[in-house]
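According to this note's numbering, the residues represented by the sequence shown are -6 to 305, in order.
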Amino acid sequence: MLPQPLEQIVGEIAADIVDKAAEIEACADAKEEGLEPGPFGIAVVTREGEIVHAGAAATPFPIQSIAKVFALEMALCLVGRRLFERVGREPSGDPFNSIIDLERTKGIPRNPFVNAGALVIVDILVEQLGDDMQASAVMDFVRGQMTDGTVGLDDAVLATEHDGGDLNRAMMSFMRHHGNLHSPLDEVMEAYVHQCAIALDCRGLAQAGLFLTRTRRSPDDKGEDERAKRMREVSALMMTCGHYDGSGDFALRVGLPAKSGVGGGILAIAPEIASIAVWSPNLDQHGNSMLGVRALEMLSHRTGWSVFGPPL
């Protein structure tokens, strides 16, 4: 039982974040100094489907790397744990777009959430899906998880990724050299760019992530039990790798599995309780929304939601 209604908690957090936005960002390690604090939105969808939101929760933004969570779930459904023969499960101490790490591991990315790992996941999807499905597959999956709301594509991200994808192509070529990329580079790049460009608002993102909350095992139902175990694996990777080099700090401050994107969004999961999406565009040095991380820290404190202990 929460100490106050969830709607009151979310509304008070949003108001406090907006009121203290400049102070919060001034105390953070900003990626780009001197930016005006941007808008802030938050949405919470409970396990029962109740939606609570506040702030700029209806403003769409490109989900960018958050899409890697949905792609990972799809790939696990298609090929199972054989996936981890091609992608590791460990945090990386290097930047998310580092090619140096691939040299150490002979073409095996450290985890599915660094760019190289995400490209291998997309390669698996391209291999497994038909030509008419592969580019839009993740977008279609996201749309299928939502009960309402709009899913679009961000034109600026599409243009940026197409024009500036040289480093991603270099990583793909390096992995192909080591036998860990099988599909044509252009097909993998097209599918990867499309998933990065998916545009949702906080309400839509929280709805899309709700399936990840279903972690309760069912030994009497093999299919449900396998699904729950898969959700636990995805959540574990979100906890350890979802915020790149800021993952340890985020786990300490928030205590929930989450995945960030450079579009300013964060998707967090309170297992068996709720899916939470926050958004604000200004990022810290690790590429995580400064106001978004602080809001999730406040929500965890107010509700007690954490994988490290029971709720209040």
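Ideal placement from N, C-alpha and C gives every residue a C-beta, glycine not left out.
Whether residue i touches residue j by CB criterion (8 Å)
| i | j | result |
| --- | --- | --- |
| residue 190 | residue 38 | no |
| residue 131 | residue 68 | no |
| residue 54 | residue 298 | no |
Helix, strand or coil at residue i according to DSSP, with G and I counted as helix
| i | result |
| --- | --- |
| residue 54 | strand |
| residue -5 | coil |
| residue 4 | helix |
| residue 233 | helix |
| residue 87 | coil |
| residue 267 | strand |
| residue 163 | helix |
| residue 190 | coil |
| residue 28 | coil |
| residue 148 | helix |
| residue 238 | helix |
Unbroken alpha helix (DSSP H) run spanning residue i, endpoints
| i | result |
| --- | --- |
| residue 112 | 108 to 121 |
| residue 93 | 93 to 98 |
| residue 44 | Segment 44 to 48 is the beta strand (DSSP E) holding residue 44; no alpha helix (DSSP H) there. |
| residue 65 | 60 to 72 |
| residue 101 | Where residue 101 is concerned, there is no enclosing alpha helix (DSSP H), given that its DSSP letter is neither H nor E. |
Reference residue i; option with closest CA among the options
| i | options | result |
| --- | --- | --- |
| residue 223 | 205, 233, 10 and 248 | 205 |
| residue 158 | 17, 90 and 41 | 90 |
| residue 99 | 172, 54, 51 and 235 | 172 |
| residue 92 | 54, 166, 51 and 48 | 166 |
| residue 225 | -3, 56, 65 and 18 | 65 |
| residue 276 | 115, 228, 17 and 186 | 17 |
| residue 5 | 28, 294, 188 and 128 | 294 |
| residue 316 | 255, 175, 193 and 51 | Coverage of the chain is limited to positions -6 through 305, which leaves residue 316 absent and any answer about it impossible. |
| residue 106 | 129, 80 and 128 | 80 |
Residue range of the beta strand (DSSP E) that includes residue i
| i | result |
| --- | --- |
| residue 251 | 251 to 253 |
| residue 35 | 34 to 39 |
heavy atom of the ligand MG below 7 Å from residue i C-beta
| i | result |
| --- | --- |
| residue 116 | Of the ligands one can find in the structure shown there are none, so the ligand MG has no counterpart to examine. |
Worksheet item: Three or more beta-carbon pairs under 8 Å between the segment 177 to 185 and the segment 243 to 254, yes or no?
Response: No: fewer than three Cβ pairs fall under 8 Å.
Worksheet entry | Contact between the segment 212 to 220 and the segment 10 to 24 (3+ Cβ pairs under 8 Å) | By the Cβ test, the segment 212 to 220 is not in contact with the segment 10 to 24, since fewer than three Cβ pairs between them sit closer than 8 Å.
Item to complete: Please confirm if the segment 81 to 99 is in contact with the segment 138 to 148, defined as three or more CB-CB distances below 8 Å between the two stretches.
Response: Under the 8 Å Cβ criterion, the segment 81 to 99 does not count as touching the segment 138 to 148, having fewer than three qualifying pairs.
Item to complete: Inspect the CB distances between the segment 72 to 82 and the segment 185 to 200 and report whether three or more fall short of 8 Å.
Response: Because the criterion of three Cβ pairs below 8 Å is not met, the segment 72 to 82 and the segment 185 to 200 do not touch.
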